[in-house]
Amino acid sequence: MKEEKCIRCGKCCYYFKYNLLHKCRFLKLLGNNKTECEIYDMRLDKPVGVGEDFKPIICVGRDVSKNDYPGCPLNSGKPLLYTEEQWQNQKSV
Ligand code: SF4
Ligand code: SF4
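Okay, so the sequence shown: first residue is 0 according to numbering that gives the first Met the number 0, each after it adds one.
And the structure:
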């Protein structure tokens, strides 16, 4: 199964707003670059933030995400939401 390849970096749980990558409020940082979703079993379709256009950001399954993420083993040739450089320089804490 594809999800077994997930390295739990959490990069698919950030969204862009005002040139910053904002962390989903449910993403827990565990250290060692590992993360955990605090509501994993109930995550799908949950509003996790508000975008610049005031539309809610909704959690979707990784397989239906419109984007790829830097270094994600589940990437499938979709456009990257952001680059590794943006990840290093523009992520909120
Ligand atoms: S970006 Fe990829 S590897 Fe990282 S948490 Fe999301 S699915 Fe897992
Ligand atoms: S709710 Fe969705 S976006 Fe938020 S941490 Fe969980 S899986 Fe990631």
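Using N, Cα and C, we set each Cβ at its ideal position, and we do this for glycine too.
Simplified DSSP state of residue i, which is helix, strand or coil
i, result
"Tyr68", "coil"
"Val49", "strand"
"Lys77", "coil"
"Cys97", "Lying before the first or after the last residue shown, residue 97 is absent from the chain, which here runs from 0 to 92."
"Lys54", "coil"
Closest by C-alpha distance to residue i, when choosing among the options
i, options, result
"Gly48", "Asn32, Leu20, Lys33 and Met41", "Leu20"
"Arg7", "Tyr39, Asn18, Leu43 and Gly50", "Tyr39"
"Leu80", "Cys5, Lys10, Lys4 and Tyr17", "Lys10"
"Cys5", "Tyr13, Thr34, Lys22 and Cys23", "Thr34"
Any non-hydrogen atom of ligand 1 within 6 Å of residue i CB
i, result
"Arg7", "yes"
"Tyr81", "no"
"Leu73", "yes"
"Cys11", "yes"
Distance cut-off 6 Å: residue i Cβ against heavy atoms of ligand 2
i, result
"Val47", "yes"
Cβ-Cβ separation, residue j to residue i (assumed contact under 8 Å), whole Å
i, j, result
"Cys36", "Phe25", "6 Å"
Residue i at chain D interface by Cβ criterion, 7 Å
i, result
"Thr34", "No chain D appears in this structure, which consists of one protein chain only."
> Hey, is the stretch 27-39 in contact with the stretch 59-78, meaning 3+ C-beta pairs nearer than 8 Å?
Replying inline: no
> Is the stretch 67-76 touching the stretch 43-57 in the sense that three or more CB pairs, one from each, lie closer than 8 Å?
Replying inline: no
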